[in-house]
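A.B. asks:
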Amino acid sequence: MKKTRISSKKRNGLRPMTQNLIERAALADPDALPLTPADFRRMKRTPRIKIIRRALGLTQEVFSSRYRIPLGTLRDWEQGRATPDQPTQAYLTVIARSPKGVQQALEG
Numbered sequence: 541m542k543k544t545r546i547s548s549k550k551r552n553g554l555r556p557m558t559q560n561l562i563e564r565a566a567l568a569d570p571d572a573l574p575l576t577p578a579d580f581r582r583m584k585r586t587p588r589i590k591i592i593r594r595a596l597g598l599t600q601e602v603f604s605s606r607y608r609i610p611l612g613t614l615r616d617w618e619q620g621r622a623t624p625d626q627p628t629q630a631y632l633t634v635i636a637r638s639p640k641g642v643q644q645a646l647e648g
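In structure tokens, the structure reads:
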């Protein structure tokens, strides 16, 4: 049976697009623009705690034990079911800026 090519894509990937073609395609998409305030409210943000933890390269379990944050609480924050209060946000800021310093302070 002969294989027929049904796509105009190159075999090794997508067709290259110039910046001009990309902009024209984006402007032609009726769902892409304009964004309204309601659209922004529906968008999910990545919780800051998750960004900090991933930047440090730690699992949830290691992060929670190292910085003495209950694992369930950490998961709730990362999944958006709860938000840290202001003192905890300050603690997370200190962790983000000086993770080794916080770890040393907690250890000794």
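Quick note on the numbering used here: the sequence shown kicks off at 541 and runs consecutively. We treat Cβ as the ideally placed atom computed from N, Cα and C, and that holds for glycine.
How many whole angstroms separate the CB atoms of ILE589 and PRO624, which I take to be in contact at a CB cut-off of 8 angstroms?
C.D. replies: 7 angstroms
A.B. asks: Taking the C-alpha atoms as reference points, what is the distance between ARG606 and GLN643?
C.D. replies: If I take the Cα positions, the gap works out to 7 angstroms.
A.B. asks: Is the CB-CB distance between PHE603 and ARG615 below 8 angstroms?
C.D. replies: no
A.B. asks: Between GLY620, GLN619, GLU618 and GLU601, which has its C-alpha nearest LEU611's C-alpha?
C.D. replies: The candidate whose alpha carbon is nearest that of LEU611 is GLU601.
A.B. asks: Rounded to whole angstroms, what's the CA-CA distance from PRO577 to GLY648? Just pull it up for me.
C.D. replies: 48 angstroms
A.B. asks: In chain order, what residues of the same chain have a beta carbon less than 8 angstroms from the beta carbon of LEU598, not counting five sequence neighbours either side?
C.D. replies: ARG606
A.B. asks: Let me know if LEU632 comes out buried or exposed under the rule of 16 or more other beta-carbons within 10 Å of its beta-carbon.
C.D. replies: buried
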